[in-house]
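Shown next, in structure tokens, is the structure this report addresses.
Chains as they are written, first to last, in this note's numbering: chain A, 1 to 432; chain B, 433 to 534.
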């Protein structure tokens, strides 16, 4: 995108602000009573208790613009109500508040004394910056990779296919079953499975594990070599057009392959984006069900389609709840039922479920190196939570969280292993 | 970080800002930060392969290619580089941080 001149930029920013404000309801944009309670709920503020890290202050940076153009007092006496003109300089200053100090985890909204959806105000700020081309480079590159190559890591298609073949060979050796394969581009299967490209490129054991479990359950499934990316970085960057396009491609591919259901691999924001936000972006209801693989695993157990021996996972296991899957996405119990069956020694961390703390790596933070130090610092709370459980393994149904947890593990010397849920299920399988 | 009198600068994730300053001693110094006190032949073979692949293709190789070219298993890679292929091996090989969820 060519750099817009200042007038164009301000026009685009104001238009996006107006649209975002309509979507938010004015209440969220202009009702904060500045009680400051939100600070105690925020992992960034608790790690670095500076005024700029207070959720109300971060949202306030967006709300100043709303006030300037959408409230009577802000239009007449902007200085009196802290309203601010949308200028190129003011937009530059917004970047750190909405991308660098907030992961959009939404815990502050849960604890807000008057129920403001702070994270959605922050995302409105991201929408404004995305509209004027001010998304941080690393995050924007990841969105571009997705739009241009179909996956966030720009993995070439033949490399994806070779990886699926290579993993299939290993899986057959490991399980001794000829039917244990990773099917690619097979038409008319029941399930289209989406994965995080991180699995394909760097951490393939979770993909092999899923293939092993699907084999044991007798599932009819396939990956698509064109569209397999469960992530949606347009959701993080605030670019709804890109986010909607990624959703549309998945639905089209599912229809082209003739599957009956889309199953989302373990990814927090991917679940929220595809399960809940997608139809808002595309303005179309899905023609087929979209569920998390956790729900599918839970169903396998309920139906007796797979059997496990928890003694194969004897170490203490705790569970990290990805914010976008649990607090925002409403999936909290299937993973607990599944781990309860697969692990001999399961211990919750506290707080948990909808009230969990963000690991610090959410909101696209892992792709923005410039905020790396704050990201690791803000993982301190999670490190303490994990340490208190005495667990040797931290399960998390999200590859983005997994990467942050790997780094927290090293930085805070926790000495734990990080695994996805499906890896623990695979490890406990009793083959029929 | 000072290596052989050269000042090596890193981004906030610990990836080299100027990959041209990379050499074996710099790699060994980053490796020590990663908890690898002494780079073994296997470490070097993986790091050099990643480095050469990146120079040719401007892209980090996948773990499949690393395993195939260097004759190691996936689990070996995680044992050799406890931060994984991206934040461990690619960082030691002096690459910029790979894009996306890593």
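Each residue gets a CB set at the ideal place from its N, CA and C atoms; glycine is no exception. Since the model is a prediction, treat every value here as computed from it, not as a measurement.
Starting from the Cα of residue i, find the closest Cα among the options and give me that residue.
| i | options | result |
| --- | --- | --- |
| residue 262(A) | 221(A), 76(A), 58(A) | 221(A) |
| residue 347(A) | 354(A), 320(A), 328(A), 365(A) | 320(A) |
| residue 435(B) | 501(B), 458(B), 494(B) | 458(B) |
| residue 255(A) | 191(A), 143(A), 399(A), 401(A) | 191(A) |
| residue 244(A) | 411(A), 146(A), 92(A) | 146(A) |
| residue 127(A) | 242(A), 205(A), 57(A) | 242(A) |
| residue 523(B) | 460(B), 438(B), 437(B), 472(B) | 460(B) |
| residue 533(B) | 394(A), 233(A), 418(A) | 233(A) |
| residue 513(B) | 17(A), 360(A), 410(A) | 410(A) |
| residue 487(B) | 437(B), 454(B), 439(B) | 454(B) |
| residue 189(A) | 235(A), 253(A), 247(A) | 253(A) |
| residue 519(B) | 201(A), 391(A), 305(A) | 201(A) |
| residue 307(A) | 271(A), 104(A), 213(A) | 213(A) |
| residue 84(A) | 273(A), 72(A), 61(A), 92(A) | 61(A) |
| residue 339(A) | 423(A), 64(A), 132(A), 203(A) | 423(A) |
| residue 141(A) | 161(A), 299(A), 237(A), 274(A) | 237(A) |
| residue 376(A) | 34(A), 6(A), 51(A), 47(A) | 47(A) |
| residue 451(A) | 57(A), 209(A), 19(A) | Coverage of chain A is limited to positions 1 through 432, which leaves residue 451(A) absent and any answer about it impossible. |
| residue 177(A) | 215(A), 382(A), 312(A), 283(A) | 215(A) |
| residue 105(A) | 121(A), 92(A), 431(A) | 121(A) |
| residue 442(B) | 526(B), 494(B), 499(B) | 526(B) |
| residue 421(A) | 66(A), 294(A), 167(A), 73(A) | 294(A) |
| residue 355(A) | 40(A), 15(A), 407(A) | 40(A) |
| residue 187(A) | 353(A), 225(A), 93(A), 366(A) | 225(A) |
Listing by chain order, which chain B residues have their CB less than 9 Å from the CB of residue i?
| i | result |
| --- | --- |
| residue 403(A) | 516, 518, 519, 533, 534 |
| residue 204(A) | 494, 495, 496, 506 |
| residue 246(A) | Chain B residues near residue 246(A): none, gap ~14 Å exceeds 9 Å. |
| residue 174(A) | Result: empty, since nearest Cβ-Cβ is about 11 Å, beyond 9 Å. |
Whose Cβ in chain B lies nearer than 8 Å to the Cβ of residue i?
| i | result |
| --- | --- |
| residue 399(A) | 533 |
| residue 250(A) | What residue 250(A) touches in chain B: nothing, since even the nearest Cβ is about 17 Å away. |
| residue 200(A) | 494 |
| residue 159(A) | 494, 496, 497 |
When DSSP builds the beta bridges, which residues end up paired with residue i?
| i | result |
| --- | --- |
| residue 434(B) | 439(B) |
| residue 346(A) | 317(A) |
| residue 395(A) | 319(A), 419(A) |
| residue 222(A) | 192(A) |
| residue 262(A) | 192(A), 290(A) |
| residue 430(A) | 307(A) |
| residue 184(A) | 223(A) |
Give the secondary structure of residue i by DSSP, where H, G and I count as helix, E and B as strand, and everything else as coil.
| i | result |
| --- | --- |
| residue 290(A) | strand |
| residue 86(A) | coil |
| residue 193(A) | strand |
| residue 448(B) | strand |
| residue 308(A) | strand |
| residue 338(A) | helix |
| residue 229(A) | strand |
| residue 205(A) | helix |
| residue 454(B) | coil |
| residue 9(A) | helix |
| residue 101(A) | coil |
List the residues of chain A whose Cβ lies closer than 7 Å to the Cβ of residue i, in chain order.
| i | result |
| --- | --- |
| residue 529(B) | 369 |
Identify the contact partners of residue i in chain B, using a Cβ-Cβ distance below 7 Å as the criterion.
| i | result |
| --- | --- |
| residue 163(A) | 494, 496 |
| residue 166(A) | 496 |
| residue 197(A) | 532 |
Please list, in chain order, the chain A residues whose beta carbon lies closer than 8 Å to that of residue i.
| i | result |
| --- | --- |
| residue 445(B) | 369, 372 |
| residue 491(B) | 154 |
Name the residues in the stretch 214–242 of chain A whose C-beta lies less than 9 Å from a C-beta of chain B; which are they?
231, 233
Under 7 Å (Cβ pairs) to chain B, residues found in the stretch 85–118 of chain A:
none
Please list, in chain order, the residues of the stretch 307–320 of chain A that have any C-beta partner in chain B closer than 7 Å.
none
Looking at chain B, which residues of the stretch 138–151 of chain A have a Cβ within less than 8 Å of any of its Cβ atoms?
138, 141, 142, 145
Quick one: which residues of the stretch 410–423 of chain A get their C-beta closer than 7 Å to a C-beta of chain B? List them in chain order.
410
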